[in-house]
Amino acid sequence: MAVPYPVGLEGKRYTLFDFSKELDWRPLHFVNFIPMHRLCNACGVLPRLSIFLPCRHVLCNTCYDQCVRDDVLHTCPLDGVKFLEEDVGWTDFPLENIFKRKVRIYFYATLRNNA
Numbered sequence: 001m002a003v004p005y006p007v008g009l010e011g012k013r014y015t016l017f018d019f020s021k022e023l024d025w026r027p028l029h030f031v032n033f034i035p036m037h038r039l040c041n042a043c044g045v046l047p048r049l050s051i052f053l054p055c056r057h058v059l060c061n062t063c064y065d066q067c068v069r070d071d072v073l074h075t076c077p078l079d080g081v082k083f084l085e086e087d088v089g090w091t092d093f094p095l096e097n098i099f100k101r102k103v104r105i106y107f108y109a110t111l112r113n114n115a
């Protein structure tokens, strides 16, 4: 059974990807929301490298690899829109920017009845 999160915290939980081995794939609860244009629209991770497609979808590197169909024309995995490599935008989210953000730390205790 999944542990419920405190009210209002669900929308601020993000899984980081491609930042460091200590942070990758560990869900973090940020005090403030991360801008939606930083999140992968396909898998929901917060990637170090955001890839902006002409159809306005944002992908992480792993999901973008699914777009590459041939050397010239690529296809968005979400809506099937075709695009050229030169029409793609790449934006880095430096690790230093993650360190500037406040993170909430919660400890969940599992109570057991030893009766």
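Numbered by UniProt numbering, the letters in the sequence shown go through residues 1 to 115 in order.
Just so it is clear, CB atoms sit at the ideal spot from N, CA and C, and this is done for glycine as well.
Looking at the DSSP output, residue 59 sits in a beta bridge with 51.
Residues of the same chain with a CB within less than 6 angstroms of the CB of residue 13, apart from the 5 flanking positions on each side, are 27 and 29 in chain order. Taking 9 angstroms as the cut-off, the beta carbon of residue 75 is found closer than this to the beta carbon of residue 82. Residue 43 and residue 99 have their C-alpha atoms roughly 23 angstroms apart. In its chain, beyond the 5 residues on either side, 77 have a beta carbon closer than 6 angstroms to the beta carbon of residue 66.
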